[in-house]
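Heads up: the sequence lines are chains A and B, in that order. Start counting the first sequence at 1; every next residue gets the next number (this note's numbering). Start counting the second sequence at 1; every next residue gets the next number (this note's numbering). Worksheet for the structure shown next.
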Amino acid sequence: MMSAGIGRLHPVFVHLPIGILLFAALLFFASKKHRFANLSAAVAPALAIGSFFSILSCITGYLLSISDAYNEDTIFKHQWLGIATAITSVVCYFMYQKKLPIFGALIIVLTTLIMVTGHYGGTLTHGADYLTASFNSSRAGSNKKTIANISEAIVYKDIIEPILATKCYGCHGESKQKGKLRLDLPNYIVQGGEEGKVLTPYQPGSSEMINRILLPTANEEHMPPVQKPQLTKDEIALLHWWIESGANFTAAVKNTKQTAAIKGLLASFSNGASNDGDGANEVAGILPSKNASPIASDILAQLNKEGIVIIPIVNGSNYVRANLIGVEKITTHTFELLSTIPDQLLQLNASFTAITNEHISALSNCKQLKQLFLNSTAITDKGLTALAAFENLETLSIAQTKTTEAGINGLSALKKLKKIYLYGTGFTKSSFTQLQQKIQGLKIDTGGYKIPILVTDTTEAKAPVVKAN
Amino acid sequence: MTQKELYNQRLVREAHKVVMQQHTRRHFIKESAMGLGALALGNLLGGCSTGSNNIFDATNPLAPKAAPFLGKAKSVIYLHMAGAPSQLEMFSYKPELAKLDGQDCPPSLLAGKKFAFIRGVPKMLGPQATFNRYGESGIWLSENLPHLSTVIDDVAVLQAVTTDQFNHAPAQLLMHTGTPRLGRPSMGSWVTYGLGTENKNLPGFVVLTSGGNNPDAGKSVWGSGFLPSVYQGVQCRSEGDPVLFIKDPAGMDRDIRKASIDAINKVNEESYTEYQDPETLSRISQYELAYKMQISVPGVMDISTEPEYIHEMYGTKPGESCFANNVLLARKLVEKGVRFVQLFDWGWDTHGDSAGNAVDIGLKNKCRKIDRPITALLQDLKQRGLLDETLVVWGSEFGRTPMQENRDGKTMPFKGRDHHGEAFSIWMAGGGIKGGTSYGETDEIGYNIVNGKVETFDVQATILNQLGFDHEKFTYESQGRNFRLTDVRGKVIHDIIA
Chain A
1 MMSAGIGRLH PVFVHLPIGI LLFAALLFFA SKKHRFANLS AAVAPALAIG SFFSILSCIT
61 GYLLSISDAY NEDTIFKHQW LGIATAITSV VCYFMYQKKL PIFGALIIVL TTLIMVTGHY
121 GGTLTHGADY LTASFNSSRA GSNKKTIANI SEAIVYKDII EPILATKCYG CHGESKQKGK
181 LRLDLPNYIV QGGEEGKVLT PYQPGSSEMI NRILLPTANE EHMPPVQKPQ LTKDEIALLH
241 WWIESGANFT AAVKNTKQTA AIKGLLASFS NGASNDGDGA NEVAGILPSK NASPIASDIL
301 AQLNKEGIVI IPIVNGSNYV RANLIGVEKI TTHTFELLST IPDQLLQLNA SFTAITNEHI
361 SALSNCKQLK QLFLNSTAIT DKGLTALAAF ENLETLSIAQ TKTTEAGING LSALKKLKKI
421 YLYGTGFTKS SFTQLQQKIQ GLKIDTGGYK IPILVTDTTE AKAPVVKAN
Chain B
1 MTQKELYNQR LVREAHKVVM QQHTRRHFIK ESAMGLGALA LGNLLGGCST GSNNIFDATN
61 PLAPKAAPFL GKAKSVIYLH MAGAPSQLEM FSYKPELAKL DGQDCPPSLL AGKKFAFIRG
121 VPKMLGPQAT FNRYGESGIW LSENLPHLST VIDDVAVLQA VTTDQFNHAP AQLLMHTGTP
181 RLGRPSMGSW VTYGLGTENK NLPGFVVLTS GGNNPDAGKS VWGSGFLPSV YQGVQCRSEG
241 DPVLFIKDPA GMDRDIRKAS IDAINKVNEE SYTEYQDPET LSRISQYELA YKMQISVPGV
301 MDISTEPEYI HEMYGTKPGE SCFANNVLLA RKLVEKGVRF VQLFDWGWDT HGDSAGNAVD
361 IGLKNKCRKI DRPITALLQD LKQRGLLDET LVVWGSEFGR TPMQENRDGK TMPFKGRDHH
421 GEAFSIWMAG GGIKGGTSYG ETDEIGYNIV NGKVETFDVQ ATILNQLGFD HEKFTYESQG
481 RNFRLTDVRG KVIHDIIA
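Set out below in structure tokens:
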């Protein structure tokens, strides 16, 4: 492949005419000033050398274009603009020799051509968003879209296809099929290319696609080719997971098996953050798998105005935790406001506030509530009865309240309750067993821990008295 | 030109001049920076850095924020024993060391080592306390911690922490700011910057000291470094007024105070409209916080209203300045939504130069003063349902040598140990930490680490992890680069996480 070898010299030659011709233009305009008039002698040789290399660049460029795969549309523009540049530079040279007055205009055209051609050349090697990527986003390359409801998403359509589209379609798509392989439609993916099938469902290890991607970049078979944008670690993991779960084109995320790592990656789709490193996100178990709809901004403004602190449980989630510690005066209105976000309210801290039994009843529509803190409040057994509405409640703290076991019926309705804190309440021992019988696996903390007074608590260690000699 | 026209022209010129005078160099730099320069340079630099993700909002710097990941802990109580307690009399059970007691230290342990005070060949010093296994987990603890032994199943002990600093101040800075030198934000500042605080009437980061002295590293261990100053720790006193000047001056009532703060804020707002300096906004919010603190702080900081049962539990003495009072305060503050409470207790530097600094006398007394309140803290948090979301950390800047200190080659009057950075103990509890864990191992005399080495950076990474931060991504841009608490180090200690 002699021609391909020569073609590869294109990047070597291509920068010479760019520099030399632009320098020629600079010399020409400078020589118009009286001070630099003597520079005019250099314009002609610069144009001649520049033209020579621009022709050489055209030839090597053409050879490269037929031996390698590039975006057809861009290569068309780059090729013809390059040829136009070469021709214009040659014309420039002769016009300058003839001292035609139109030369000034032509050299401006030449400069413009060089820049535009150069830009398309850059687009071919570095990708279309190379120039703007750093302006748009600091996370160039991970501009994956956000999927609101990841468990309902279709694995292929929503996760795999976008990866293939950005990293593979260039050579294996509608316009170009290197190795007779197309990856842009399911039937083509199944069909494979001239060397056979590209994937074996359930067996990512014997799927050509994964193997090629995992080859060292130095290997000629490695995909995507070294000079093209590579797949990220996360993208490879997702492809691997898709093939492992059968390379199905219609399955939804919820119907697949997911390892912890994949769960983390999937979660990052719903909050838009990339998710690697140490902060493993254990969404499962704490947040419902389905994200809630966001709280309307006017409702949020009203909640804030009331002094209610509303914070997402985790960045990007629409589930929130509310803290009433900053509310200056707790009224029925406070709880009317809270009851407007029943789908989002997951945790509520009302400790040390003037919350009453009636207020709790006003929140009965907040079915998602998982954690409730009511320490040191005026709630009584009537309030406990009202708690029965919070069917998803897992943690309840009513330490230092005037509640007693008379309110136990409200509590025993909380079938999902895992932990309850009863320090400083009127509950008696017999009610604990009763509660534990009603609710499987409930942990009760009754508090009132005593720390015994030991001898060492009241004495001080002293230095032995040394007898004087 | 008539005389009148001439006057008018002069008047206009005069007006122009005044405008120009008011338009100072600051405006010029600001506007040119905002204008073309910033547009070009800012964008280009933006491409170089990993993206400035400073989340500082000057209008409401302490607004509560969600953590990037689901953290188990919502707040932290950090108990720092300034001076470095001896791990060999508290957590590190070394029966072999007892056999070597009184013998000359083998030269292999001294070769190439540098000590703060030990010179020549010191003698080995056996453990000055007896040890036993406690709890279901069977963790070894010394007789100096009889109460903590009852709750040891809630605690994860890191047995092999290491630091490269052997002097107090730099080691404390390393522990709390990630560098032995001055200038970086402390852990509490990072956390309040990242999470804000849920109680707008209280500071997000409170510091309490006891033992009669501030830590050697001074207030820099709770400073905000290059973070906006609102994130520095607010030092409260457990005796007298909790915050200095919290009361209105004599003759000034609350209304006048409110009116004066309103007036100051109005001037500040005008200054903000003119200069657009975000620090002005944080100044306004600080004045408002100070006004609100006048009401909220005395109430929270008053431990005398706590029931007798609680006082007995903690061993607190209202009105005194002591560690126990601070521990109880820490619980009250966390309960009220304070994000980070940092306690420093001074007086753990047991060199053996006096009875108070002897590992068999003074250290015992210090242990007695902390053992009860710390145990009470863990149980009190537990009974209020707060231990699950409050991370309690106990530690110091380094540990102590298995050799007896021989300052300047002379025998010390009492049994003491020198500074030792190679291996010491720290423990964590609550906030998603796996209780009843002992992580890491040192050699049979507690001199070097055998396995499970933990660096100060790892402790910081783990604390941030429990709060929902990836320590590698939690950054603040300063002086042209992104900084982290853990700088370029740190691994989360997954083995102690539940």
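Ideal Cβ positions, reconstructed from N, Cα and C, are used throughout, including at glycine.
Residue 426 of chain A and residue 236 of chain B have their C-alpha atoms roughly 36 Å apart. A Cβ-Cβ distance of about 7 Å is found for the pair residue 191 of chain B and residue 76 of chain B, placing them in contact under the 8 Å criterion. By the neighbour-count criterion, in which a residue is buried when 16 or more other Cβ atoms sit within 10 angstroms of its Cβ, residue 197 of chain B is buried. Put simply, the CB of residue 390 of chain A is far from chain B, with every gap to its CB atoms at 8 Å or more. Listed in chain order, the alpha helix (DSSP H) runs fully inside the region 289-362 of chain A are 297-306, 332-338, 357-362, counting runs of at least 4 residues. Considering only beta carbons, the part of the region 369-381 of chain B lying closer than 7 Å to chain A consists of 372, 375, 376, 379, in chain order. In this structure, the beta-carbon distance from residue 428 of chain B to residue 370 of chain B does not fall below 8 Å. Excluding residues up to 5 positions away in sequence, 362, 413, 414 lie with their Cβ nearer than 8 Å to the Cβ of residue 354 of chain B in the same chain. Around the CB of residue 190 of chain A, fewer than 16 other CB atoms lie within 10 Å, so the residue is classed as exposed. With respect to the 8 Å criterion, residue 286 of chain B and residue 352 of chain B are not classified as neighbours on the basis of their beta carbons.
Under the three-state reduction of DSSP, residue 348 of chain B is assigned to coil, being neither helix nor strand. A Cβ of chain B is located within less than 8 Å of the beta carbon of residue 445 of chain A. Distance between residue 166 of chain B and residue 451 of chain B, taken at the CA atoms: about 21 Å. Membership of residue 266 of chain B in the alpha helix (DSSP H) is indicated by the continuous run 254-275. Using a CB distance cut-off of 8 Å, residue 330 of chain A does not count as an interface residue toward chain B. Per the coordinates, the alpha-carbon of residue 401 of chain B lies some 55 Å from the alpha-carbon of residue 411 of chain A. Among the residues of chain B, those whose CB is under 7 Å from the CB of residue 461 of chain A are 361, 364, 365, following chain order.
Less than 8 Å separates the beta-carbon of residue 90 of chain B from that of residue 144 of chain B. Remark: C-beta atoms of residue 326 of chain A and residue 314 of chain A do not approach each other more closely than 8 Å. Flagged as an interface residue toward chain A: residue 355 of chain B, by a C-beta distance shorter than 8 Å. Residue 311 of chain B does not reach chain A, its nearest Cβ partner there being about 12 Å away, counting only Cβ pairs nearer than 7 Å. Boundaries of the beta strand (DSSP E) harbouring residue 236 of chain B: 234-236, taken from the DSSP string. The beta carbons of residue 90 of chain A and residue 40 of chain A sit about 20 Å from each other, so the pair does not count as a contact at 8 Å. A distance below 6 Å between beta-carbons, with the five flanking residues on each side excluded, links residue 324 of chain B to the following residues of its chain, in chain order: 314, 315, 316, 373.
Residue 489 of chain B sits in coil when the DSSP states are folded into three classes, being neither helix nor strand. Across the structure, residue 298 of chain A and residue 335 of chain A are spaced so that their CA atoms are roughly 16 Å apart. The distance from the Cβ of residue 88 of chain B to that of residue 79 of chain B is about 20 Å, inconsistent with a contact at the 8 Å cut-off. Using a Cβ distance threshold of 8 Å, residue 405 of chain A and residue 428 of chain A count as a contacting pair.
For the region 196-209 of chain B, the beta-carbon criterion of a distance under 8 Å to any beta-carbon of chain A is satisfied by 198, 199, 200, 201.
The three-state reading of DSSP puts residue 475 of chain B in strand, counting E and B together. For residue 384 of chain B, at least one C-beta of chain A is nearer than 8 Å to its own C-beta. Residues of chain A with a Cβ closer than 7 Å to the Cβ of residue 67 of chain B are, in chain order, 314, 315.
In the three-state reduction of the DSSP assignment, residue 191 of chain A falls in the helix class. In the three-state DSSP reduction, residue 326 of chain B falls in the helix class (H, G or I). Under the three-state reduction of DSSP, residue 402 of chain B is assigned to strand. Around the CB of residue 406 of chain B, 16 or more other CB atoms lie within 10 Å, so the residue is classed as buried.
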